[in-house]
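Below is one structure, written out as structure tokens, with a few remarks after it.
Chains as they are written, first to last, in the numbering used here: chain A, 6 to 353; chain B, 12 to 318.
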């Protein structure tokens with residue numbers, strides 16, 4: 006990794022920090038105090054570091070989902086919807102699997118959850134592959150439908166009647182994914198990092214991995230070579246949906262033990278920030294999602310520690326995305342866009 | 012008012028934010044710019060408009076603030092997408108996220124956990140006529156901005172269809188090389204289109220906050236910005252078609268409001284879903300017929316022809 010390669014991401018981070026500092030000054034916060042408090046809470050305390058690692062897992066997984074779709078040239082903007090579908094599916098079946106040994110239950114719940122997420126991506130995938138209908142709008146619309154559907158299921162058919170607040174039935178703490186050592190970091194974080202390395206390896210060394218890149222960057226060349234392009238597009242978006250759903254599976258198996266009625270993942274855009282900061286490399290995604298995980302955890306402690314509204318941090322991520330888009334690194338990606346005949350697909 | 016009258020009136024009103032945002036997006040798309048950040052621009056316009064009305068009491072100032080907020084974002088977007096050749100998709104996602112987060116942050120900075128409401132509503136210039144049965148409230152019972160918005164969008168449709176401005180815009184999006192050769196500055200046209208288009212999206216957001224509901228809450232657009240992108244594409248970037256589609260969505264949204272007045276028992280979650288399911292169905296039915304400018308989403312590089 007040469008210095009030039011990471012110059013644009015580093016400059017983008019720096020520019021974001023500058024804008025954030027100016028905004029803090031304008032709104033009457035002391036950037037030094039805010040910075041010191043948040044650094045201390047997320048980095049210097051063991052509990053903060055652990056919580057940041059826990060917050061990193063969903064961003065890492067969502068970033069991988071974004072990457073898998075981007076690999077075949079698609080934009081999966083519906084990660085949140087697929088995640089909540091995965092969570093609801095996991096929350097629906099996990100409490101009923103009491104007879105299974107815990108590890109077998111984890112595998113079953115993961116598979117069912119991920120299959121549900123893949124199915125939630127099926128319609129946008131088929132529309133894109135068969136009719137050339139752009140997947141950006143359809144995946145977002147599917148997210149809003151998923152949110153309403155999940156909200157109805159959690160308040161209605163799947164509600165735990167023993168509780169007042171709407172939530173699905175909880176699984177016992179002893180049957181959740183264990184924590185690492187005596188920390189609060191659950192095993193799911195390691196699984197997520199493992200999946201990232203696996204994805205990186207498969208993309209580099211497996212035949213479908215290499216062909217998916219061809220489909221993404223030169224679909225015409227791919228069809229000339231008799232690569233089944235539309236099958237790759239459908240499989241790519243469905244795999245992306247399955248991985249996204251794993252966020253929801255972890256929510257049930259590790260974080261909360263159930264789906265709460267107010268759980269609304271908003272990971273899609275942060276996932277793209279992590280992915281572009283990582284220069285679309287899954288292995289680097291581990292590092293960048295840790296950074297964004299710290300921001301995510303900071304947004305939960307900031308209101309009480311510094312009086313800063315939590316929305317400050319998603320705003321920083323958005324500004325980071327803007328700078329990354331402008332950053333010189335992306336110009337290489339732009340050439341690929343042009344070769345592809347536009348990022349907008351054939352139809353809407 | 013009867014249920015039908017309420018439905019019709021609410022449809023025409025709730026079509027306004029979507030229609031303005033989609034018409035603005037259409038101007039950008041015609042010139043070759045795909046802005047995925049409409050949601051963030053609308054929220055910025057909504058907050059600016061709300062703060063302006065809340066502090067000055069003037070709805071005209073509120074509309075101006077919405078236009079200004081959108082226009083400033085449009086200027087930055089336009090420059091980044093043309094002169095800096097930044098990826099429009101990544102830029103748009105960034106604007107969406109920064110807009111959602113930034114408006115939430117600034118709103119909390121200013122109002123804390125309060126949820127202030129506007130103390131007065133907009134005047135209704137023709138409401139002495141709204142006794143006409145069925146269509147009376149829909150046609151004459153609206154706030155003045157609703158008339159302004161509908162007239163503006165219909166005028167825009169005529170201008171784009173018949174004037175030189177419309178042709179230049181279309182040429183820039185469909186064939187930037189030809190437009191450049193004919194002496195049109197592609198960069199200037201695109202930046203101007205971004206400014207005007209996103210100013211309209213900001214106005215749409217302001218309309219949502221100050222005309223339709225009378226308050227601001229973080230994330231209040233709940234996807235209208237993304238629906239606007241779909242409507243602009245399905246309406247082939249034509250404001251007249253867009254107005255018709257937006258009205259159809261106004262009916263879908265109004266349906267929810269009207270159904271709650273009846274004794275029909277339907278879960279609110281299903282009412283919320285209606286517009287999004289509607290877009291998906293519309294895309295499935297009309298998607299193949301949507302037309303996009305040939306250079307949409309692509310930066311223009313003079314002399315890069317023959318790629």
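Even glycine gets a Cβ: it sits at the ideal position worked out from N, Cα and C.
No experiment lies behind these values; they were computed from the predicted model shown.
query	result
List, in order along the chain, the chain A residues whose C-beta lies closer than 9 Å to that of residue 113 of chain B?	28, 316, 317, 319, 320, 323 and 324
Just how far apart, CA to CA, sit residue 26 of chain A and residue 120 of chain B?	15 Å
For residue 45 of chain A, does the count of other Cβ atoms within 10 angstroms reach 16, so buried, or fall short, so exposed?	exposed
Let me see if you follow: with CB-CB separation under 8 Å, is residue 98 of chain B close to chain A or not?	yes
How is residue 128 of chain B classed by DSSP in three states: helix, strand or coil?	strand
Determine whether the Cβ of residue 146 of chain B lies closer than 8 Å to any Cβ atom of chain A.	no
Evaluate residue 25 of chain B with the Cβ neighbour count: other Cβ atoms within 10 Å of its Cβ, from every protein chain shown; 16 or more gives buried, anything less gives exposed.	buried
For a contact meaning CB atoms closer than 8 Å, what does residue 284 of chain B contact in chain A?	149, 150, 153 and 154
Could you name the residues of the segment 219–253 of chain B whose beta carbon sits closer than 8 Å to any beta carbon of chain A, in the order they occur along the chain?	229, 233, 234, 237, 238, 240, 241, 244 and 245
Rounded to a whole number of angstroms, what is the C-alpha to C-alpha distance between residue 68 of chain B and residue 213 of chain B?	19 Å
Which ranges would you report for the alpha helix (DSSP H) in the segment 196–272 of chain B if only whole runs of at least 4 residues count?	197–217, 235–245 and 250–270
May I have the straight-line CA-CA distance separating residue 258 of chain B from residue 248 of chain A, to the nearest angstrom?	38 Å
Ignoring anything shorter than 4 residues, give me the alpha helix (DSSP H) runs that lie fully in the segment 98–157 of chain B, in order along the chain.	99–122 and 147–151
Quick one: what's got a C-beta closer than 6 Å to residue 267 of chain B's C-beta in the same chain, skipping five residues either side?	282
Pop quiz: residue 90 of chain A and residue 253 of chain A are said to be a contact at Cβ under 8 Å. What is the actual Cβ separation, rounded to whole angstroms?	7 Å
For a contact defined as C-beta to C-beta under 9 Å, what are the partners of residue 330 of chain A on chain B?	91, 92, 95, 97, 98, 99, 100, 101, 102, 103, 104 and 105
Could you check where the alpha helix (DSSP H) with residue 244 of chain A kicks off and where it finishes?	234–255
Relative to the C-alpha of residue 258 of chain A, which residue among A/114, A/325 and A/195 is closest?	A/114
Assess contact between the segment 49–66 of chain B and the segment 282–301 of chain B, defined as three or more Cβ pairs (one per stretch) separated by less than 8 Å. Is contact present?	no
Roughly how many whole angstroms lie between the Cα atoms of residue 219 of chain B and residue 272 of chain B?	22 Å
Check the Cβ of residue 108 of chain B against every Cβ in chain A and list those closer than 7 Å, keeping chain order.	274, 319, 322, 323 and 326
Any beta carbon from chain C within less than 8 Å of residue 136 of chain A's own beta carbon?	This model lacks chain C altogether, as its protein chains are A and B.
Could you check if residue 187 of chain A is buried or exposed, using at least 16 other CB atoms within 10 Å of its CB as the buried criterion?	exposed
Within 10 Å of its beta-carbon, does residue 99 of chain B have 16 or more other beta-carbons around it, so buried, or fewer, so exposed?	buried
In chain B, what lies closer than 7 Å to residue 143 of chain A by C-beta?	291 and 294
Which residues of chain A have a Cβ atom closer than 7 Å to the Cβ of residue 116 of chain B, listed in chain order?	314, 316, 317 and 320
Using a Cβ cut-off of 8 Å, pull out every chain B residue sitting near residue 132 of chain A, in sequence order please.	294, 295 and 298
For residue 273 of chain A, I'd like the list of residues in its chain whose CB is within less than 6 Å of its CB, leaving aside the five on either flank, ordered along the chain.	82, 84 and 85
Going by other Cβ atoms of all chains shown within 10 Å of its Cβ, with 16 needed for buried, is residue 166 of chain A buried or exposed?	exposed
Using a Cβ-Cβ cutoff of 8 Å, what residues of the segment 36–69 of chain B are near chain A? List them in chain order.	45, 47 and 51
So, helix, strand or coil for residue 184 of chain A, using DSSP?	strand
Along chain A, in chain order, which residues have C-beta atoms closer than 8 Å to that of residue 278 of chain B?	157 and 161
Identify whether residue 95 of chain A lies in helix, strand or coil by the three-state DSSP scheme.	helix
With DSSP collapsed to three states, give me the class of residue 173 of chain A.	strand
What are the residues in the segment 118–130 of chain B lying within 7 Å of chain A by C-beta distance?	119 and 120
Taking the beta carbon of residue 59 of chain A as the centre, do at least 16 other beta carbons fall within 10 Å, making it buried, or is it exposed?	buried
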